[in-house]
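In the UniProt record's numbering, the protein residues as written are 1 to 694.
Note that the Cβ used here is the ideal one computed from N, Cα and C, for glycine as well.
Remember, it's a predicted structure, so these values are computed and weren't measured experimentally.
The next block holds one structure in the form of structure tokens; read it before the comments.
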Amino acid sequence: MSDYLVIVESPAKAKTIKRYLGPKYQVKASMGHVRDLPKSQMGIDVTHDYQPRYITIRGKGPVLKDLKSAAKKAKKVYLAADPDREGEAIAWHLAHSLDIDDHSACRVVFNEITKPAIKDAFKSPRKINMDLVDAQQARRVLDRLVGYNISPLLWKKVKKGLSAGRVQSVALRMIIEREEEIKAFQPEEYWTISAVFTVDSESFEAEFHSLDGKKVSLKTKDDVTAIQSRIDSNRFTIENVQKKERLRYPVAPFITSSLQQEAARKLNFRARKTMMIAQQLYEGVELGKQGNTGLITYMRTDSTRISDVAKAEAKAFITDHYGTDYIGSTQQKPKKSEKIQDAHEGIRPTSVLHLPADLKAFLSRDQYKLYKLIWERFIASQMAPAVLDTIRADLSQNGVRFRATGSKVKFPGFMKVYIEETEEGKAGSKVKSEKYLPDLQDGMAAIKEKEDPKQHFTQPPPRFTEASLVRAMEEIGIGRPSTYAPTIDTIQRRNYVSMDAKRFVPTELGEVVLKLIVEFFPEIINIDFTAQMETSLDEIGVGQKDWISVVDTFYKEFEKRLSTAEKEMQSITIKDEPAGITCEKCGHEMVYKMGRYGKFLACSNFPECRNTKAILKTTGVTCPKCGKGQIVERRSKKNRIFYGCDQYPTCDFVSWDKPIQRQCPKCGSYLVEKKTKNGKTVECPKCDYKEETN
């Protein structure tokens, strides 16, 4: 019989920890929370200090029974849930369910699941931190008060299945306001002039910069013509040559938000998927003879701090593999001078000696990709800055000035390992492509070989991607590391937004719901108010505010608005949109309806006729298999786009890549369009024919 019982959230974590504790310890999993608010009712007593009523979660009875039995036999029970508010709350609920004194030293926390970290944690157990529990409880109570009061109102006034929440409503507002900006945007014409110059037979490009020493906006073709008319010769004089050495510093190790953003840009991972895989890497993966091993530190963090032990290990690794020149400064600047939630380190590998290539055989494809990303980012963060040689030169003639800029990597530094991706996904994973200029000197002559005026139009702000939405939420202080992924998931599941080319587009339903919330509950969607509420929750977590007072201040005003809304909110009917086709079963008109997975076609004669159809987006390509049907865009159960024949099931042609209306010049088969990181290619699925496209 084991002397001690350790309770964690998951079997994988239990298996990893058991390796380090020895035979005296029994490690069991609670499978997450064991108690929660009831789903069927509010569960909050607003007349008695907003006390929540917790019940055992359905299905957790056998788990709890097993834990109680093990706890009675153990000399001591340790609660080792994750090191954040949610983990603290899980430990508190377990203490109550198992009759453990929450003032006793029963709580152990660790930022990484390694032998030294586990051993150190069990040397200094502490009591449950009720400030953190109260912060989690306050968030839970606030969200329940908002959701369980507004949602039934929306069901009654709009349609069933809707919901509203503090953070999700603000995220929805951000998406809708961006869409309104795009619709209201008026493009403006502008022009640029680029030119190719040669010096000593070496050519390079430059851009029009100024006229007579002043910046000039080229708004029309006439403006361009005026500039061209000033150029009376192809001979230009090189002036103001500036050669500098510029340092490019590495980015900090990942925090939750930056991990989600970079995984979206580089790996095409959704935020939810990123966090799920990161949890697996944190809890432990089977590494053959090494057994279950935790590979990364805790992944819900807003701190970039790194332990001295990890820094020393990284320094030794960099020295051995790259040389002393590549070692970064020992002084690491924190992301922010003051951060309330700074209990954890940044996200890093538990050991830099766990090389991604060595672990590839033990990890799934997605685990390997994310681990490699985290490993490279951490190593790069501890490396020396890159040194770039930059050059800038002006080329002048008769008052017309062009400017050329160029750079080349003199010393790659951290760029030898990692470069942060841009929003457009252009940076790549190694050294960015360089733009060279010849060795230019003041007074040299340059010959203009050709010029290329181009017309442009200003572009509206882009729709949010998951990565840019997470970044925006973080910047304005909406949500916290643990809330980004579930918030985004919720507004999609409610059909408040849809995805178009991996960007969020608000639906009519989302716009209707937000309009009602703006009218009757303006504080719910007020960005400053919601950000301040997040700060208040942080302050509860460090004992600076009382959670009941924070909830009470919010609810008193909210209750008044709720009463007004119940009386004055008008019922809204989202009308079905005619589809312009008739039902082949009964002859009535088909209409577009909104369902759980977006719009679909349905017969207007429902419920007498229950005919429904998916909305198929045609590609205009004839099916290469049957030659009769049209290739249409479909979605898999996991919402992934694929292409198939509209004559299915008569014709079963399918393709993950988009077929095009051309035949392979090499073998005569059909061609498909493939998306790549750098653009698109056209390839033949039957032979090795391939062509690059812009």
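The beta carbon of A117 sits closer than 7 angstroms to those of F110, N111, all from its chain and outside the five residues before and after it, given in chain order. Secondary structure of N149 (DSSP, three-state): helix.
Selection T114, V77, K123 evaluated against C106 yields V77 as nearest (Cα-Cα). Sequence-distant Cβ neighbours of E179 in its own chain, meaning closer than 8 angstroms and more than five residues away, are R463, V505, P506. The beta carbon of C684 is closer than 7 angstroms to those of C664, K666, C667, S669, L671 in its chain, skipping five residues each way along the sequence. The beta-bridge partner set that DSSP reports for K448 consists of F197. In the structure shown, the three-state DSSP call for P685 is coil. Assignment of Q242 by DSSP, reduced to helix, strand and coil, places it in the strand class. Taking C-beta separations shorter than 7 angstroms and ignoring five residues to either side along the sequence, the partners of Q136 in its chain run R85, E86, E88, A89, following chain order. If you draw a 10 Å sphere on the C-beta of W656, you find fewer than 16 other C-beta atoms in it, and that means exposed.
Spatial neighbours of K628 in its own chain (CB-CB distance under 7 angstroms, excluding positions within 5 residues in sequence) are listed in chain order as Q647. When DSSP assignments are scanned along the UniProt domain "Toprim" (3-113), the uninterrupted stretches of alpha helix (DSSP H) that are 4 or more residues long and fall wholly within it turn out to be 11-21, 61-73, 85-97.
Here DSSP, grouped into helix, strand and coil, assigns P665 to coil. Rounded to the nearest whole angstrom, the C-alpha separation of T458 and Y496 is 29 angstroms. Of the candidates T47, Y4, I113, the residue whose Cα lies closest to the Cα of R19 is I113. Per DSSP, the continuous alpha helix (DSSP H) segment holding P356 begins and ends at 356-359.
DSSP links Y592 through a beta bridge to E577, L601.
In this structure D439 does not touch E239 by the C-beta definition: roughly 16 angstroms separates them, more than the 8 angstroms allowed. Listed in chain order, the non-local C-beta contacts of A446 below 6 angstroms within the same chain comprise F197, V199, F236, I238, L395, local neighbours out to five positions each way being set aside. In its chain, beyond the 5 residues on either side, V46, Y50, L145 have a beta carbon closer than 8 angstroms to the beta carbon of Y555. R365 and V63 have their alpha carbons spaced roughly 32 angstroms apart. Excluding residues up to 5 positions away in sequence, A263 lie with their Cβ nearer than 6 angstroms to the Cβ of F269 in the same chain.
Judged by beta-carbon spacing, A81 lies within the 8 angstroms limit of V8, meaning their Cβ atoms are closer than that value. For H456, the beta-bridge partners assigned by DSSP are Y190. With a cutoff of 8 angstroms on beta-carbon distance, K369 and L267 are scored as near each other.
Between the beta-carbon of Y371 and that of L287 there is about 12 angstroms, and that puts the pair past the 8 angstroms contact cut.
Between the alpha carbons of P125 and M42 lies a distance of about 35 angstroms.
Leaving aside the five residues that flank L37 on each side, the residues in its chain whose CB is nearer than 8 angstroms to its CB run, in chain order, G43, I44, P52, R53, Y54, I55, R140, R144. Within the region 247-329, complete alpha helix (DSSP H) segments of at least 4 residues are found at 256-267, 271-283, 308-321, given in chain order. Within the same chain, and ignoring the five residues on either side of R401 in sequence, the residues whose Cβ sits closer than 6 angstroms to its Cβ are H209, S210, D394.
Note that the C-beta distance between I374 and R348 is below 8 angstroms.
By the Cβ criterion, the region 299-311 is in contact with the region 246-258, since at least three pairs of Cβ atoms, one from each stretch, lie closer than 8 angstroms. For I182, the three-state secondary structure derived from DSSP is helix. One Cα belongs to Y418, the other to E376, and the distance between them is close to 6 angstroms.
In the structure shown, T619 adopts extended strand secondary structure according to DSSP, grouped into three states. Short of 6 angstroms from the beta carbon of I660, and not among the five residues preceding or following it, lie these beta carbons of its own chain, in chain order: L671, E673.
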